[in-house]
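*Asks:* Per our numbering, the sequence shown starts with residue 2, numbered consecutively. For glycine and all other residues, C-beta sits at the position ideal for the given N, C-alpha and C.
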Amino acid sequence: MSAGIEKTGPGAQIARRIVTTVPKPVLLMVLTFFIGGLAGGALLLVPEWSRLVFRQSLMRAYSAPLENGTLLGADQLGRALEWRLLAGLAISLGTAALVTAIATTLGIVMGLLGGFFGRTADRIVTLVIDATWAYPTLLLAVVVAGIQGPGVSTVVWALGLTLWAAMARIVRAQVLVLREQDFVLAARALGYGKLYIAIRHLVPNLVPIWILMATLFVALTIVAEAGLSFIGIGAQSPTPSLGKTLAEGFSFASSSSWPLLLASLVIVGLVTSLNSLGDHLRDILDPKGRVPAFRTPRMRAIMQREQAAAAPAASPTVLAEEVSVSIRREPGEDVPVLTGLSLALGSERALGIVGESGSGKSVAARALIGLLPAGLVLSGGRVSWQGGGIAELDAETLRGQRGRFIALVFQDARASMDPLYTIGDQITEALQAHLPQDAASARKAAREILARVGLDDPSHFDRYPHQLSGGQMQRAALAAVLVLRPRVLIADEPTTGLDVTTQKKIVALVRDLRREMGMAVIWISHDLDLVTEIADDIMVMYAGQVVETGAVSDVLRAPSHPYTKGLIASRPSRDIAPKSLLPAIAGNVPEPGKWPISCRFLPRCGNAVAACSAGQPLLEGGTDRRVRCFNPVTPVREIPA
Ligand code: SF4
2 MSAGIEKTGP GAQIARRIVT TVPKPVLLMV LTFFIGGLAG GALLLVPEWS
52 RLVFRQSLMR AYSAPLENGT LLGADQLGRA LEWRLLAGLA ISLGTAALVT
102 AIATTLGIVM GLLGGFFGRT ADRIVTLVID ATWAYPTLLL AVVVAGIQGP
152 GVSTVVWALG LTLWAAMARI VRAQVLVLRE QDFVLAARAL GYGKLYIAIR
202 HLVPNLVPIW ILMATLFVAL TIVAEAGLSF IGIGAQSPTP SLGKTLAEGF
252 SFASSSSWPL LLASLVIVGL VTSLNSLGDH LRDILDPKGR VPAFRTPRMR
302 AIMQREQAAA APAASPTVLA EEVSVSIRRE PGEDVPVLTG LSLALGSERA
352 LGIVGESGSG KSVAARALIG LLPAGLVLSG GRVSWQGGGI AELDAETLRG
402 QRGRFIALVF QDARASMDPL YTIGDQITEA LQAHLPQDAA SARKAAREIL
452 ARVGLDDPSH FDRYPHQLSG GQMQRAALAA VLVLRPRVLI ADEPTTGLDV
502 TTQKKIVALV RDLRREMGMA VIWISHDLDL VTEIADDIMV MYAGQVVETG
552 AVSDVLRAPS HPYTKGLIAS RPSRDIAPKS LLPAIAGNVP EPGKWPISCR
602 FLPRCGNAVA ACSAGQPLLE GGTDRRVRCF NPVTPVREIP A
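This is the structure:
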């Protein structure tokens, strides 16, 4: 274990951070109130002790502190305030805990339903949230009080059934962001179901929000209980809640203001210290903290079904036939972002896809694995794995095949790993989810694959994503995918942002692993040189369509499309004179929706002829070499063998 890597469990680490981070006065106040609440609970539950809370003695009414055998004085009926306040703390904290449990549980469930389980669920959830939001809490409390009479339970139901909407709104907004994070997409690419991803990856990332909202709800409930008791629909005499003590203190303030002042001080102190603690806890349990994983029986059942569905592939081929993808705005207003993509990836072949940003490479990768980002839809064509169309596969089979048959490595490796779990845990979990085996075997396999990708220091297993460098992180992301030995690996610009040496090492690593595992690889990059180091074939994309395909050596030796020629000429080369600018293709890739109806490369092409503005060129040629151009630099039929 290297320096800086904690050996203690997550609970101990969090406890230590709480003790060292939260200011001591805040901790002391919360602890005092908590112990007071426990003591108050004991007072109420033990009949002999509860007499202390309710015993009246008009002889000592309005006693000051330390008078007539009291510690903190007495109220208008001569009941000792110290016992009343202890019991009040127990009732108020208990009420707050119940309200918080109802509101946060409902809020998280509804927020997840709306944010992660489809458009219809989202519409229904949003409607229910809006309806709840529009109904005033006070009015609901009056309605509940009218049905079941005033009391503490009225406070619980009135607040629990309205506060959840605030929680659900925030959770839904957070889930909408989280669901597009690479680590969630990576989990989907590995074949996990939505319920599993929601519980394993989304819920732990909602913990900081939960803590903040829970402390807010506790504080709100204590204040609201005081308010509702004050107007007579909360706790009723002789129930000694903090709100009731405050209300009675107010009623008899003209005789003695001390009970009112004391109850006010307790409420303000309790609410202030809870809010302060919540702020500190939220900072402590940030995404770089540690939230223990848990699995319900339902999750285990789902995982077993996924394992059963993940039978090894016999014929690893990916086939795309005229695949088109569009941005769906309104019905009938689709904006195409990828058109007519056709490819056939043979077993153990490596295909490089190149093009500038905006050429459609990443959308093509997502279409091939059947995981389009939100807002994009498959508007035409068919993707097949091993001869079977993925549109015809049921959701469970599809999930089982992702990860085992086809896997995707994302550009931002750090974002594709969940920051709440160690690298080793995530790889072990991916393995166990797809291949039934005990934890020890899975951990051993995870350590082996980490060593295989060059992370052979044992401490790497226990590190969190933020504790690895960019190159190490990319290797870890590769390990998380390769541990399942997929038959097809799609790498979407996996080396962007890394230094040249690390890029080359990663490419060499994938090349070796490809040979060793017999994988087919689709390597997406804007760097032609990197692609040439790993790919057998190359596909050049521009403005959402393929413009040239062929064997890497053929295309580099004799590019046929003017865009391919421009890309090759733009590479850094020893032949370029010192201090001279690199040649570049003038202009930019047009955005989707602004593509010319003629050849999409026409505005940037130096080879254009009259026919180029008349219509779209087709992708023509033989099986080995094809080009989409009316006036190619080198006509395909003239390319020397
Ligand atoms: S079709 Fe014409 S405009 Fe388009 S790339 Fe070929 S030569 Fe250039």
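#1: DSSP state of Thr497, grouped into three classes?
#2: For the structure I just gave you, are there three or more beta carbon pairs, one from the region 613-628 and one from the region 591-602, closer than 8 Å?
#3: Please classify Asp538: does DSSP put it in a helix, a strand, or coil?
#4: Output the boundary residues of the alpha helix (DSSP H) element that contains Thr340.
#5: Looking at Asn632 and the ligand SF4, is the gap between the Cβ and the nearest heavy atom below 8 Å?
#6: Tell me the DSSP bridge mates of Glu517?
#7: For Val355 and Leu529, which I take to be in contact (beta-carbon distance under 8 Å), what is that distance rounded to the nearest angstrom?
#8: On the DSSP letters alone, give me the boundaries of the beta strand (DSSP E) that Arg52 sits inside.
#9: Do Ala478 and Ala414 have their C-beta atoms closer together than 9 Å?
#10: Taking the alpha-carbon positions, what's the Arg453 to Trp211 distance?
#11: Indicate, with yes or no, if the ligand SF4 has a heavy atom lying under 8 Å from the CB of Pro563.
#12: Contact between the region 213-220 and the region 98-107 is defined here as three or more beta-carbon pairs at a separation below 8 Å; is this criterion met?
#13: When the Cα atoms are used, what is the spatial distance from Phe118 to Asp625?
#14: Whole angstroms is fine: what's the gap from Met518's alpha carbon to Ile507's?
#15: Helix or strand or just coil, what does DSSP make of Trp259?
#16: Does the ligand SF4 have even one heavy atom less than 8 Å from the beta-carbon of Asn589?
#17: When you measure from the CB of Val610 to every non-hydrogen atom of the ligand SF4, does any distance come out below 8 Å?
#18: Between the C-alpha atoms of Leu72 and Glu83, what's the straight-line distance to the nearest angstrom?
#19: How about Tyr63 and Gly74: are their beta carbons less than 9 Å apart?
#20: Helix, strand or coil for Gly389, going by three-state DSSP, please let me know.
#21: Roughly how many whole angstroms lie between the Cα atoms of Thr96 and Ala199?
#22: From which residue to which residue does the alpha helix (DSSP H) around Arg572 run?
#23: Please return the same chain residues whose Cβ sits closer than 7 Å to the Cβ of Asn608, not counting the five positions on each side in sequence.
#24: Nearest-angstrom Cα distance between Lys566 and Gly353?
#25: Taking 8 Å as the line, does the beta carbon of Arg173 fall inside it for any heavy atom of the ligand SF4?
#26: Considering Cα atoms alone, identify which of Thr222, Val27, Leu45 and Ala585 is closest to Ala570.
#27: Skipping 5 residues on each side, what residues in its chain have a beta carbon closer than 7 Å to that of Arg486?
#28: Rounded C-beta distance between Ala536 and Val553? I'm assuming under 8 Å.
*Replies:* To lay it out plainly:
#1: Here residue 497 refers to the residue found at position 496 of the sequence shown. Here Thr497 sits in coil by DSSP.
#2: yes
#3: In the sequence shown, the residue the question calls residue 538 occupies position 537. Residue state, collapsed to three classes: strand.
#4: Numbered from 1 along the sequence shown, position 339 holds the residue referred to as residue 340. Not the alpha helix (DSSP H): Thr340 falls in the beta strand (DSSP E), residues Val336 to Leu346.
#5: Reading the sequence shown from its first residue, position 631 is the one you call residue 632. Yes, the beta carbon of Asn632 sits closer than 8 Å to at least one heavy atom of the ligand SF4.
#6: Within the sequence shown, residue 517 is the residue found at index 516, counting from 1. Paired residues: none, contrary to the question.
#7: To locate residue 355, count along the sequence shown from 1; it is residue 354. To locate residue 529, count along the sequence shown from 1; it is residue 528. That belief holds up - the Cβ atoms of Val355 and Leu529 are roughly 6 Å apart, short of 8 Å.
#8: On the sequence shown, residue 52 is found 51 positions in, with the first residue counted as 1. Unbroken run through Arg52 is the alpha helix (DSSP H), Pro48 to Phe55; no beta strand (DSSP E).
#9: Mapped onto the sequence shown, residue 478 falls at position 477. Mapped onto the sequence shown, residue 414 falls at position 413. Yes, Cβ-Cβ distance for Ala478 and Ala414 is below 9 Å.
#10: Translated into positions along the sequence shown, residue 453 becomes position 452. Translated into positions along the sequence shown, residue 211 becomes position 210. Approximately 39 Å, taken between the alpha carbons.
#11: As a working note, residue 563 is residue 562 in the sequence shown. True, at least one ligand heavy atom lies under 8 Å from that Cβ.
#12: yes
#13: As a working mapping, residue 118 is identified with position 117 in the sequence shown. As a working mapping, residue 625 is identified with position 624 in the sequence shown. Approximately 43 Å, taken between the alpha carbons.
#14: For the purposes of this step, residue 518 is identified with residue 517 of the sequence shown, where counting begins at 1. For the purposes of this step, residue 507 is identified with residue 506 of the sequence shown, where counting begins at 1. Rounded to whole angstroms, Met518 to Ile507 spans 16 Å at the Cα level.
#15: Numbered from 1 along the sequence shown, position 258 holds the residue referred to as residue 259. The answer is helix: DSSP assigns Trp259 an H, G or I state.
#16: The residue given as residue 589 occupies position 588 in the sequence shown. Incorrect: Asn589 has no Cβ contact closer than 8 Å to the ligand SF4.
#17: Translated into positions along the sequence shown, residue 610 becomes position 609. Yes, the beta carbon of Val610 sits closer than 8 Å to at least one heavy atom of the ligand SF4.
#18: By 1-based counting over the sequence shown, the position of residue 72 is 71. By 1-based counting over the sequence shown, the position of residue 83 is 82. If you take the alpha carbons of Leu72 and Glu83, they lie about 6 Å apart.
#19: Taking the sequence shown and counting its residues from 1, one reaches residue 63 at position 62. Taking the sequence shown and counting its residues from 1, one reaches residue 74 at position 73. Cβ atoms of Tyr63 and Gly74: closer than 9 Å.
#20: As a first step, residue 389 is located in the sequence shown; it is residue number 388 there, counting from the start. Strand.
#21: Your numbering for residue 96 matches position 95 in the sequence shown. Your numbering for residue 199 matches position 198 in the sequence shown. If I take the Cα positions, the gap works out to 29 Å.
#22: For the purposes of this step, residue 572 is taken as residue 571 along the sequence shown, with counting starting at 1. It is not in any alpha helix (DSSP H) - Arg572 carries neither H nor E in the DSSP assignment.
#23: Walking along the sequence shown from the start, residue 608 turns up at place 607. Correct list, in chain order: Pro563, Asn632 and Val634.
#24: Here the question's residue 566 lines up with position 565 in the sequence shown. Here the question's residue 353 lines up with position 352 in the sequence shown. Whole-angstrom Cα-Cα distance: 16 Å.
#25: As a working note, residue 173 is residue 172 in the sequence shown. Arg173: no, Cβ never under 8 Å from the ligand SF4.
#26: For the purposes of this step, residue 570 is taken as the residue at position 569 of the sequence shown. Looking at the Cα atoms, Ala585 is the closest of the given residues.
#27: Position 485 of the sequence shown holds residue 486. Cβ neighbours of Arg486 beyond the five flanking positions: Met518.
#28: Counting from one through the sequence shown, the residue named residue 536 turns up at place 535. Counting from one through the sequence shown, the residue named residue 553 turns up at place 552. Right, their Cβ atoms sit about 5 Å apart.
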